[in-house]
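This report refers to the structure that appears directly beneath it.
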Amino acid sequence: MQGTSAGWEAHAVRMAEATVRPESRWHRPLATTPRHLFVPRWWTPAEQDGTWVYNLRHGADDLAAWMSSAYDHTLSVITRVGPHHADHATPAAVVPEARPTSSATLPALVVKLYQHAFLTDDSRLLVTCGSGYGTALACRRLGDGRVTSVDIDPYLVHAARDRLATAGHRPHLEVCDVTGALPGVYDRIVSTVSVPAVPASWLTALAPGGRIVTALSGTGLLIVADKTADGGASGKVASEPAEFMSTRHDDDYPPAVDKADLWATARNADGESVTTGRYPVTRVSRTWDVRSTLELTVPGIEHRMETAADGTRTAYMLHPDGSWARATAPGARQAPTVHQGGPRRLWDELDRIRTWLVIDGDLPISRAAVRIDPDGTCHFSRSGWSATLGAP
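For the sequence shown, the numbering used here begins at 24 and goes up steadily by one.
Now the structure itself:
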């Protein structure tokens, strides 16, 4: 495969230079790892007839597009959508809107996680596998014998093993549910999938003084924590956000619970409360600190946003307990009319958090301290504010 992509080295070097400084220990791994080997086929999202779909791309059919995608340090290359792996798709395949289930994580983020892990030359590292590219970078940095890579998907492990071997690496790979028992003891655990809370098994498998780096599902929170003497861990929320696909326990994520009736209510009902919001309508899904704080305060909210041809903006919030909110404004800068119903006032919670942001300039979750109990329960605190995320 490398023969069909001569010249990849120049692309890798440019990517390394765009990602880290030349003296960084991650410059050489980035510059010498053939990322294209790990993404010979991939999915690209596109809009079709008003809905999103994923189109198959085959690297050998368009070498320029292959090199451009594979060596873009800001791009996560999607290799699996729902149960559909790009390796197994028929030519010109199109998959209707679904959730991505595996990718080659963008190199800049992989390196940032490894930098937070503060790897030493003798670190025993456990990583999540996916395409195998992040594993290859770790092997370049530490040597194959110090790297273990796991994934719940047998095919992903099989494909990664072959592609890693082609790139000259033979780390330990294992089919494993990363939220369950892990196959060893490690100085560092770095996860490029997000978890609902830190699994207790990670703390069991973490050596004394070891470090965990992971993201929390439903938030943009990246947690960096070191093992403590009581079997838990302590650390902080990193200053930059990070989001990954969530862990799954089967070939695909469970089907979404049908909330059609509740969405219809949110669209059409007056509700028990009709007020004027304090702030303009915002796309909460793009505000990591606001969204993360809201998720810790009222876990499980779903968000939708619509913009009409005349510029009218409507945001919807929905919670499994039956709470809902609808905020509509004639433009991006006008205060909205807010309708709310159910046991909680979701938009009031959002406005309360946005008020903190206006007054203080940031939110407590930014750079908050984190304490993790041995069972995985996470406690966040900063400046008199605290929140708890229960064990999985």
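Just so it is clear, CB atoms sit at the ideal spot from N, CA and C, and this is done for glycine as well.
Length of the line joining the Cα atoms of GLU40 and ASP176: Between GLU40 and ASP176, the alpha-carbon positions lie close to 33 Å from each other.
Exposed unless 16 or more other CB atoms sit within 10 angstroms - verdict on THR67: So THR67 counts as exposed.
For CYS162, three-class secondary structure by DSSP: Reduced to three states, the DSSP call for CYS162 is helix.
Under 7 Å between C-beta atoms of VAL100 and PRO123: No, Cβ-Cβ distance for VAL100 and PRO123 is not below 7 Å.
Length of the line joining the Cα atoms of ALA417 and ALA182: In the structure as shown, the chain begins at 24 and stops at 415. Residue 417 is therefore absent and cannot be evaluated.
Segments of 3+ residues assigned as beta strand (DSSP E) that fall wholly inside the region 308 to 383: Counting only unbroken stretches of 3 or more residues, the beta strand (DSSP E) elements lying wholly within the region 308 to 383 are 325 to 330, 336 to 341, 347 to 352, 360 to 364, in sequence order.
Through-space distance from GLU318 to ARG186, alpha-carbon basis: Approximately 38 Å, taken between the alpha carbons.
Integer Cβ distance of ARG306 from ASP374, believed to fall under 8 Å: Wrong, their Cβ atoms sit about 15 Å apart, outside the cutoff.
Short Cβ contact (7 Å threshold) for LYS250 with VAL393: Cβ distance not < 7 Å, so LYS250 and VAL393 don't count as in contact.
Reference ALA204; option with closest CA among SER406, GLY243, TYR137, VAL173: ALA204 has its Cα closest to that of VAL173, out of SER406, GLY243, TYR137, VAL173.
Best match in GLU70, ARG37, LEU226, PRO387 for proximity to ASP312 [C-alpha to C-alpha]: Among GLU70, ARG37, LEU226, PRO387, the Cα nearest to that of ASP312 belongs to PRO387.
Short Cβ contact (7 Å threshold) for THR215 with LEU60: Cβ atoms of THR215 and LEU60: not closer than 7 Å.
Alpha-carbon spacing of HIS195 relative to ALA131, whole angstroms: A direct Cα-to-Cα measurement between HIS195 and ALA131 gives close to 24 Å.
CA-to-CA distance, TRP89 to VAL213, given in whole angstroms: In this model, VAL213 and TRP89 are separated by some 27 Å (Cα to Cα).
Span of the beta strand (DSSP E) around TYR77: TYR77 -> beta strand (DSSP E) spans 74 to 81.
Helix, strand or coil at ASP210 [DSSP, three-state]: If DSSP states are grouped into helix, strand and coil, ASP210 belongs with the strands.
ARG169 vs ARG147 beta-carbon contact at 7 Å: Closer than 7 Å, so yes.
Simplified DSSP state of LYS250, which is helix, strand or coil: In this structure, LYS250 counts as strand in the three-state DSSP scheme.
Close Cβ partners of ARG327 (< 6 Å) along its chain, the five nearest in sequence each way excluded: Around ARG327, the same chain offers TYR339 as residues with beta carbons nearer than 6 Å, after the five sequence neighbours per side are excluded.
Uninterrupted beta strand (DSSP E) stretches inside the region 78 to 130 (no shorter than 3 residues): Listed in chain order, the complete beta strand (DSSP E) runs (minimum 3 residues) inside the region 78 to 130 are 100 to 104, 117 to 119, 123 to 127.
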